[in-house]
Amino acid sequence: GESVGLHLPTLSVQEGDNSIINCAYSNSASDYFIWYKQESGKGPQFIIDIRSNMDKRQGQRVTVLLNKTVKHLSLQIAATQPGDSAVYFCAENLSGNTPLVFGKGTRLSVIA
Amino acid sequence: SQTIHQWPATLVQPVGSPLSLECTVEGTSNPNLYWYRQAAGRGLQLLFYSVGIGQISSEVPQNLSASRPQDRQFILSSKKLLLSDSGFYLCACNRGLDTQYFGPGTRLTVL
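Residue numbers (my numbering), protein chains in the order written: chain V, 1351 to 1462; chain A, 11 to 121.
What follows is the structure, encoded as structure tokens:
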């Protein structure tokens, strides 16, 4: 995708604060959305997903919000911890046999 | 749930040498399989994907190729590596609209 060559934007938050990572997706027909966390030297790890018939889904310390009107997805992390430091990617899926489309990623840096 | 294996974990190869990276999946059948490359500090670039044995779709023209000889095996190859082939190679799988999972990755350095 066009975002592959860009340096990742960085979000710095104080330990204990809440983090909000935003993502604009491209296709209004996308049906399924995923957030991934990637720590240095590791493969992306699934965090949470949401389908287009929902606008909010909560997990352990994480919440994903979907605004289909403006094609916006966000990941909220409550009480951010040093272990949350990583790169976070959003992804959208249009249909079952087409590849996910990944966002450019955001590096989250937690300040102790 | 599925488990994705990739090997080797790290690889250092001279320019012009061949490449073979292997990915195998356990715990699922008829998966969609994917190869991504990631440069340091960058996003994910989709290289190839496969929806079935012998079916390969290429996303980016390059000197790499992919093959799927078995349902749960995906191989990334090159006949002659370039310096620009260095990067972190990730294999991933999913089924339909299910979650896509990634393997641990292979870090390739071409010297």
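Each residue gets a CB set at the ideal place from its N, CA and C atoms; glycine is no exception.
With a beta-carbon spacing of about 11 Å, T1430(V) and I1371(V) fall beyond the 8 Å limit used to define contacts. Taking 8 Å as the Cβ-Cβ cut-off, the region 53-67 of chain A approaches chain V at G53, L54, Q55, L56, Y59 and V61, given in chain order. Per DSSP, V70(A) lies in no beta strand (DSSP E) segment and is marked neither H nor E.
Collapsing the DSSP output to three states places S94(A) in a helix. Cβ-Cβ distances below 8 Å link Q1388(V) to P1394, Q1395, A1436, V1437, Y1438, F1439 and G1455 in the same chain, with the five nearest sequence neighbours on each side left out; the list follows chain order. Taking the Cβ atoms as the reference, T34(A) lies roughly 18 Å from R117(A), outside the contact range of under 8 Å.
Across the structure, R1401(V) and I66(A) are spaced so that their CA atoms are roughly 28 Å apart. In this structure, the alpha-carbon of S1459(V) lies about 9 Å from that of Q1364(V). Within the region 1364-1430 of chain V, the beta strand (DSSP E) runs of at least 3 residues that lie entirely inside it are, in chain order, 1369-1374, 1382-1388, 1395-1401, 1406-1408, 1412-1417 and 1422-1427. For S1459(V), the closest Cβ of chain A is not nearer than 9 Å.
Short of 6 Å from the beta carbon of L1361(V), and not among the five residues preceding or following it, lie these beta carbons of its own chain, in chain order: T1456 and L1458.
Taking 8 Å as the Cβ-Cβ cut-off, the region 73-93 of chain A has no residue approaching chain V. Within the same chain, G97 come within 6 Å of A49(A) by CB-CB distance, once the 5 residues on both sides are set aside. Here the C-alpha atom of P79(A) lies approximately 27 Å from the C-alpha atom of L1444(V). No Cβ of chain A is located within less than 9 Å of the beta carbon of L1415(V). Around the beta carbon of P1449(V), a 10 Å sphere encloses 16 or more other beta carbons of the protein chains shown; the residue is thus reported as buried.
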